[in-house]
Amino acid sequence: MLLAMSIGVAAVVVLTSLGESARRFVSDEFASLGTHLLMIAPGRTETSGGGPSMFAGDTPRDLTIRDAEAIGRSRLIDEVAPMVMAQAKVSWGGKERETPVLGGTASMRRIRGWTLAQGRFLPDGDPERDSGVCVIGSKIRRELFGPRQALGEWLKVGDRRCRVTGILAEEGRSIGMDVEELVVIPVAAALALMNRPGLTRIMATARSHEMMDRASEEILAIVKERHQGEEDVTIVTQDALLATFDRILAALTYTVGGIAGISLVVAGILIMNVMLVSVSQRTAEIGLLKALGAPRAQILRLFLVEATSLSVAGALLGLVLGVLSRVTILYFYPALPLTWPIWAIVAALATALAVGLGFGVIPARRAAELDPVAALSHH
Amino acid sequence: MIELRQISRDFEVGDQTVHALRAVDLEIRAGEYLSLMGPSGSGKSTLMHILGLLDRPTSGTYELDGKDVTALDDAAQAAVRRNEIGFVFQFFHLVPYLTAAENAELPLVLSGVDPAERRERVSAGLASLGLSERADHRPDQLSGGQRQRVAIARAMVSAPSVLLADEPTGNLDRSSGSEVIRLIEDLHEQRGLTLVIVTHDQEMGRRATRQISMVDGEVEEDRDGARP
Ligand SMILES: Nc1ncnc2c1ncn2[C@@H]1O[C@H](COP(=O)(O)OP(=O)(O)OP(=O)(O)O)[C@@H](O)[C@H]1O
Ligand SMILES: [Mg+2]
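These protein sequence lines map, in sequence, to chains A and B.
The first sequence begins at 10 in this note's numbering and counts up one residue at a time.
The second sequence begins at 439 in this note's numbering and counts up one residue at a time.
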């Protein structure tokens, strides 16, 4: 019973802590992208929120490099980066590897905040032109070149060749992309490689956070004008994306917490049973106390305090268990930013208290209502 | 001063009604020594429970020192039980895992008396019943007579004005029984305690100044030695 209570409390604390941590992790991750970001995808979604749907409506017009340039000319927009994403075979010196290839421009690096371990990123210049260079992630460099110098070498990407001018620093994660495995080539080269007319995305940053809404309206207007009056793109802002993730993860946290809460209720029922047994075992003593002059309220209090102490003892044990499991989790997954939401701890303790009180009422009432004469003759 | 007027107590057993007490009128003066006798089932214990506020009458009024205690609520009745009435049972009813001193202390704990005073009153009480040596013994380490003396100490720690004893010697052999009776009588004499003892023992009953015999829920005879 004590165990059930402590497991319940530990579960609430650990699970909500995990959920909360996931939420933090995602927000931090998004924050690292900058909060001025707008993502423009071809196709229109009717439903709000979420990403662009591949199934929505008639086939949209392609987003082109020229569209991106037009957006970039807006006074509200700071940087714009046309993007193509694909998988391709990359090879050098007989070694070959299938890896994500990103078609981009020099502004890509500034928007993403990437830094280079060696060399330079893609050069500024006309994005329609293939400058014949590429930048690779550190893992690709390791796997293809080993200990040898990669800068200046000619890499084969699909059926095209490019000269390696830079190696991305290992700083790592970036939503949806593993920088270490990436090969970045000029967007024009990527379009030619994939034999595709349209971009996967255009990323743009507004000049300030306040301009986000106006910027996205203006982008729609620009696209509409260029696409013969069709607003056939979906703009997802950083905030909207973050809010969606946040909602999902919060819901998840509460659900998981709720499930753990059910175990608290089970613990409560167990406590009630223990207390009922204890009342019937101590019938004679309760009768004696009443005969000696204990009022009903005092007996009630006595048993409520006992039930509550039981459940709180369980809860404290549960907190200890929670701390232990947290330490264990951190030992195996040290990277996990596990937080302890104070509200989860408080809620778990409060629930335990409430459970003890709530489920203690019935047995305590039973004790308080005992008839002293009958209770005393009970053997 | 106890005044019972038209006290009845009915028990419903199945579809039958048992009249344990039938319209009992009884007046007990302060400091009186009264014995209650009568055949088994005549209603002695029922009357004692009502006197001790352990049970409520089906009808009738009970006045204790001029106030109608049948009308009081649970908390107020409990206070009367704590402060004015001591009860001694046939089966002692000590808490088995508490020592003699702790058992005797219970009413004071319930009254919220502070620990230092509790200790003092309990050790004085145990001493007056010749139990000082046994203060730390548990009930199962005591003889029947000693247990009943602990129960008397417990009944007396709150200095009540009335002591009710329902067959206090019923579970004791003759010698320890008469010792217990003598102790109770001492308390009666020294403190002017109102004493009501239920007994089946004629000889013991005759020691009381007033003897009441009950039959079938009614007072059949009331012999008052003090009032001819
Ligand atoms: N709780 C109860 N439920 C039903 N009947 C009861 C109850 N208590 C007492 N009685 C009945 O009331 C009557 C009086 O009982 P009581 O215990 O007062 O008798 P008594 O004089 O104390 O007897 P004894 O000498 O055996 O102790 C009896 O007929 C008994 O069966
Ligand atoms: Mg009896």
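Every residue gets a Cβ at the ideal spot worked out from N, C-alpha and C, and that includes glycine.
Heavy atom of ligand 2 less than 7 Å from the Cβ of B/D639, yes or no?
no
Please classify B/T647: does DSSP put it in a helix, a strand, or coil?
coil
Residues of the stretch 266 to 296 of chain A in Cβ contact with chain B at a cutoff of 9 Å, in chain order, please.
A293, E294 and G296
Leaving aside the five residues before and after A/R172 along the sequence, list all residues of the same chain whose C-beta is less than 8 Å from its C-beta, in chain order.
G141, V142, C143, G161, E162, W163 and L164
Cβ-based contacts, 9 Å cut-off: residues of the stretch 304 to 317 of chain A near chain B:
P304, R305, A306 and Q307
Whether B/L459 touches B/G479 by CB criterion (8 Å)
no
Between which two residues does the beta strand (DSSP E) carrying B/D662 extend?
E656 to D662
Shorter than 8 Å from the beta carbon of B/D493 to some beta carbon of chain A?
yes
Helix, strand or coil at A/T56 [DSSP, three-state]:
Note on A/T56: pLDDT 44, under 50, position unreliable in the model; the coordinate value appears next. Looking at A/T56 - three-state DSSP - the assignment turns out to be coil, as it is neither helix nor strand.
Hey, quick one: how far does the beta strand (DSSP E) through A/T174 stretch, first residue to last?
R169 to L177
Please state whether DSSP places A/T246 in a helix, a strand or coil.
strand
Beta carbon of B/H531, beta carbon of B/A603: below 8 Å?
no
Going along the chain, which residues of its own chain have a beta-carbon closer than 7 Å to the beta-carbon of A/R223, five neighbours each way excluded?
L85
Would A/Q290 be called buried (16 or more neighbouring beta carbons within 10 Å of its own) or exposed?
exposed
Unbroken alpha helix (DSSP H) runs of length 4 or more, entirely within the stretch 469 to 522 of chain B: which are they?
482 to 489 and 512 to 521
Buried or exposed for B/E627, please, with buried defined as at least 16 other CB atoms from any protein chain shown within 10 angstroms of its CB.
exposed
Distance check for A/L111 and A/G167, CA to CA, integer angstroms please.
13 Å
By Cβ distance below 7 Å, which residues in the same chain neighbour A/E190 in space, the five residues on each side in sequence not counted?
T108, P109, G146, K148 and I149
Sub-8 Å separation of B/L567 and B/A591 beta-carbons
yes
Given a cut-off of 8 Å on the beta-carbon distance, is the pair B/Q676 and B/G524 in contact?
Not covered by the structure: residue 676 of chain B. The range shown for chain B is 439 to 666.
C-alpha gap between B/R494 and B/R447, whole angstroms
8 Å
Assumed close pair A/A13, A/A276 - CB separation to whole angstroms, cut-off 8 Å:
4 Å
CB contact below 8 Å: B/M594 versus chain A:
no
Whole-angstrom distance between A/H387 and A/R375, CA atom to CA atom
15 Å
Please classify B/K505 as buried or exposed, where buried requires at least 16 neighbouring CB atoms within 10 angstroms.
exposed
Close-in-space but distant-in-sequence residues of the same chain around A/A215 (CB under 7 Å, 5 per side omitted)
H45, L47, L85, I86, D87, M221 and A224
Given A/I80 as reference, the closest of A/A252, A/A324 and A/R235 once Cα atoms are compared:
A/R235
Nonlocal neighbours in the same chain, by C-beta distance under 7 Å from A/N204, ignoring five residues either side:
none
With hydrogens ignored, establish whether the beta-carbon of B/F449 is closer than 7 Å to any heavy atom of ligand 1.
yes
Just to confirm before moving on: does the CB-CB distance between B/A593 and B/L569 stay below 8 Å?
no
So is the beta-carbon of A/T292 under 7 Å away from any non-hydrogen atom of ligand 1?
no
Using a Cβ-Cβ cutoff of less than 8 Å, which residues in the same chain neighbour A/V35 once the five nearest sequence positions on both sides are dropped?
L251, F254, D255 and L258
Using a Cβ-Cβ cut-off of 6 Å (strictly less than) and excluding sequence neighbours within five positions of B/S483, which residues of its own chain qualify?
D604
Find the nearest neighbour of A/R25 within the set A/A353, A/A159, A/T360 and A/P156, judged by alpha-carbon distance.
In the sequence under discussion, the amino acid at residue 25 of chain A is Thr, which differs from the Arg named in the question. Minimum Cα distance to A/T25 is reached at A/A353.
Kindly indicate the opening and closing residues of the alpha helix (DSSP H) around B/P545.
A538 to S549
Using a Cβ-Cβ cut-off of 7 Å (strictly less than) and excluding sequence neighbours within five positions of B/G563, which residues of its own chain qualify?
A542, A591, M594 and V595
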